[in-house]
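So the sequence shown is residues 2 to 127, counted in our numbering. Beta carbons are placed, not taken as given, at the ideal position from N, Cα and C, and that holds for glycine.
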Amino acid sequence: MNDTPDPDRPAPRRRTRIALAAGVVVLLVAGAAVGGYFAGRSDRPEAAADPCVEVRQEMLAMRAEADANPDRAADITRVQANMVLQNPDCFPAKLRAAVQAGLDAADQQAAARALCGASDRPWWEC
Numbered sequence: 002m003n004d005t006p007d008p009d010r011p012a013p014r015r016r017t018r019i020a021l022a023a024g025v026v027v028l029l030v031a032g033a034a035v036g037g038y039f040a041g042r043s044d045r046p047e048a049a050a051d052p053c054v055e056v057r058q059e060m061l062a063m064r065a066e067a068d069a070n071p072d073r074a075a076d077i078t079r080v081q082a083n084m085v086l087q088n089p090d091c092f093p094a095k096l097r098a099a100v101q102a103g104l105d106a107a108d109q110q111a112a113a114r115a116l117c118g119a120s121d122r123p124w125w126e127c
């Protein structure tokens with residue numbers, strides 16, 4: 002085996018940051034897409050008879066809260082992502098799949114950080 006690092010491959014710490022940033026971007030894009038989706042549908046007359054109206058209103062309120070509180074935006078987006086997954090009848094399959102992929106990526110990064118923190122490796126190698 003060759004123990005020399007590949008110069009074209011980013012360092013493990015940088016890969017973790019890149020993957021984490023990509024996961025956050027996916028979640029934020031999904032949150033924005035959900036807000037746009039609901040904003041476009043809220044003008045329709047049949048929206049009043051829709052059983053998902055309450056979910057949509059809550060999602061829009063949460064998006065406004067996230068915009069007003071950037072410190073909590075990641076937490077709010079995570080809650081919105083879970084709302085999408087827990088209400089499959091209210092969201093298109095493509096959006097649910099994108100949200101699930103974003104949550105999976107974020108969970109993998111959190112697990113990697115936890116394992117690194119539990120190891121004997123120094124913090125700067127994690």
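Exposure of residue i, with buried meaning 16 or more beta-carbon neighbours within 10 Å
i: G118; result: exposed
i: A48; result: Note on A48: pLDDT 47, under 50, position unreliable in the model; the coordinate value appears next. Under this definition A48 is an exposed residue.
i: L116; result: exposed
i: A67; result: buried
i: A82; result: buried
i: R114; result: exposed
For residue i, three-class secondary structure by DSSP
i: C117; result: helix
i: D51; result: coil
i: P71; result: helix
i: P93; result: coil
i: N83; result: helix
i: R122; result: coil
Minimum C-alpha distance to residue i - residue among the options
i: A62; options: A112, D51, V80; result: V80
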